[in-house]
């Protein structure tokens with residue numbers, strides 16, 4: 002048994018009450034606390050005796066002594082207490098220890114579950130009863146700059162948040178004498194026995210899991226359940242090189258409120274400058290895109306190293322540049338249950354698929370289940386997503402009509418994601434059997450079609466492009482050539498008529514048995530000006546006047562007898578610039594079409610998910626559009642009406 006050193010002097014009550022700023026899926030993500038049933042809501046208010054005058058700043062209050070298995074201390078368990086330690090960057094790291102309920106087993110020990118909140122949120126001080134009653138000890142973390150953890154928000158920076166997370170695990174090993182250990186055959190002798198550790202959380206709370214797993218030198222994470230999280234922040238915030246201003250505005254507002262409202266530093270100056278430049282120029286600076294890439298699982302999945310350029314396009318890089326000193330070493334094998342909302346318009350299905358593809362190739366038990374909720378504006382999250390009292394002030398910051406429809410069930414068909422999350426950890430951390438609803442998910446992706454309906458799609462033939470920049474191919478693909486009869490409004494012309502229906506380019510009609518589509522569509526796209534030119538004059542960039550077209554495309558359906566087209570899963574992909582036969586990866590969808598329903602590629606010159614991202618090119622008032630579209634058809638026949 003490993004020897005532990007008691008460090009009770011480092012244990013302090015954290016300071017001041019932290020406001021939980023919540024946004025469906027992302028801002029205090031529902032899935033981050035998705036493990037409690039809706040019938041048993043929990044409240045995350047700080048105890049009254051926890052406070053100090055300067056919220057977000059360290060203060061000295063009486064310490065809580067952790068249970069000791071080697072000293073004569075009570076072992077009833079069931080307590081919840083705050084801890085504050087000093088990070089390697091000199092800031093305060095605050096987190097909550099929630100002990101197992103029903104007594105501490107000093108002989109067998111208890112697995113540890115780390116929990117992370119959504120962006121703009123804070124740790125949970127109560128709840129997780131089903132985890133604690135199952136024998137888990139839970140540590141709920143205030144990430145850097147949020148709650149009672151100080152510093153600026155760096156958005157899962159390996160050099161800051163990454164090192165903070167490693168320190169939290171180190172503290173747990175040094176202070177929680179009842180942690181469970183086991184020998185891992187895949188680890189070297191110096192890392193054995195290794196603590197048994199899992200992690201849960203959604204959005205920002207999913208991002209921390211992948212960051213910590215990739216960076217922890219002791220390789221302590223055994224099972225992860227990241228929900229609605231990102232693969233590459235460059236494509237999350239800037240898909241198709243178009244800034245996702247709808248979500249970016251909300252993330253800035255929620256992140257600042259969730260940080261500065263607690264006396265912390267808010268978004269880091271680097272991030273503020275990246276966003277400010279983006280808003281001013283209608284494109285992110287290249288150095289900013291590198292910064293976001295460094296903070297993404299894609300950094301390890303691609304293995305592409307980074308360095309700061311000699312003449313960076315960010316002033317903050319000239320003052321305090323990132324070191325980029327954490328190398329992009331590949332993820333080690335780990336057991337991961339990835340869950341993803343099909344209607345998530347911030348971190349969409351494509352992000353989950355790329356994470357799944359990367360992690361599955363590394364080894365371990367890796368599975369993917371989808372559901373009907375996620376990052377959705379401006380509606381509130383379903384109750385079952387959050388065991389805490391749900392507060393959603395930021396959702397009202399962006400009341401844009403038509404931004405997005407409501408979300409649905411936190412389930413893939415009849416598989417409750419909340420139940421599956423707990424069972425996954427029980428299986429991989431405690432050795433209990435997987436529930437029967439997991440049958441087949443080792444070889445299939447569970448695609449949620451709507452509340453109560455899902456389809457299992459074989460992983461080996463899943464309809465997704467093999468690599469970025471390639472077209473979808475395979476037996477499930479139906480290909481259609483389409484073109485707009487009239488030029489599509491662009492820029493100011495499109496923005497002046499935001500309610501104008503999209504150009505609907507018909508792809509087919511569902512047969513008598515209906516059609517099920519599911520996967521990641523692609524298109525070979527051509528965009529030209531009124532004179533038919535598909536490229537800028539020699540030497541000009543795509544952002545020059547006369548070149549900077551911006552359109553938005555997505556699959557839509559229309560019921561038989563209806564005149565209204567509905568954007569499937571609210572998923573839209575920007576297309577920027579003049580181009581000839583260029584591959585565009587659309588956003589992944591899953592939908593069941595009824596007999597007689599029509600399917601089309603919808604083309605917009607303006608879309609409310611991108612309220613400030615339209616083209617500013619005054620020389621391009623309209624553009625021509627044509628495409629060859631690859632549609633993933635899983636069941637049924639899509640008849641070509643053309």
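Numbering (my numbering), first residue to last: 2 to 643.
Here a beta-carbon is modelled for each residue, glycine too, at the ideal position from N, C-alpha and C.
Closest option to residue 310, judged by alpha-carbon separation, among 321, 288, 84 and 300: 288. Taking a contact as a CB-CB distance under 8 Å, the pair residue 492 and residue 616 counts as one, their CB atoms being some 4 Å apart. Apart from sequence neighbours up to five positions away, the residues of its chain that approach residue 336 with a beta-carbon distance below 6 Å are 224, 365, 366 and 429, ordered along the chain.
Residue 84 is not a Cβ neighbour of residue 114, given a cutoff of 8 Å. For residue 357, the uninterrupted alpha helix (DSSP H) segment begins and ends at 350-363. Fully contained in the stretch 103-173 are the following alpha helix (DSSP H) runs of length 4 or more, in chain order: 130-134. When DSSP reads this structure, residue 580 sits in a beta bridge with 528. Between residue 413 and residue 374, the gap from beta carbon to beta carbon reaches 8 Å or more. Under the DSSP assignment, residue 238 falls in the alpha helix (DSSP H) whose first and last residues are 234-238. Residue pairing for residue 182: DSSP places it in a beta bridge opposite 196. By alpha-carbon distance to residue 546, the top candidate from 348, 530 and 231 is 530. The bridge partners DSSP lists for residue 81 are 99. Look at residue 287 here: in three-state DSSP terms it is helix.
Between residue 202 and residue 210 a beta carbon distance of about 6 Å is seen, short of the 8 Å cut, so the two are scored as contacting. Only buried fits residue 117, as 16 or more other CB atoms lie within 10 angstroms of its CB. Under the 10 Å beta carbon count, residue 236 is surrounded by 16 or more other beta carbons and is classified as buried. Under DSSP, residue 626 takes part in a beta bridge, and its partners are 528. About 5 Å separates the beta carbons of residue 86 and residue 94, which is inside the 8 Å limit, making them a contact pair. Selection 74, 535, 208 and 376 evaluated against residue 549 yields 535 as nearest (Cα-Cα). One Cα belongs to residue 111, the other to residue 79, and the distance between them is close to 13 Å. Looking from the CA of residue 480, the closest CA among 246, 427 and 640 belongs to 640. With respect to residue 135, residue 427 sits close: the two C-beta atoms are nearer than 8 Å. Check the Cα spacing between residue 569 and each of 449, 471 and 619: the tightest is with 449. Residue environment analysis places residue 109 among the exposed positions, since fewer than 16 neighbouring C-beta atoms fall within 10 angstroms of its C-beta. As a beta-bridge residue in DSSP terms, residue 640 pairs with 510. Taking a contact as a CB-CB distance under 8 Å, the pair residue 415 and residue 453 counts as one, their CB atoms being some 7 Å apart.
At the C-beta level, residue 572 and residue 555 come within 8 Å of one another.
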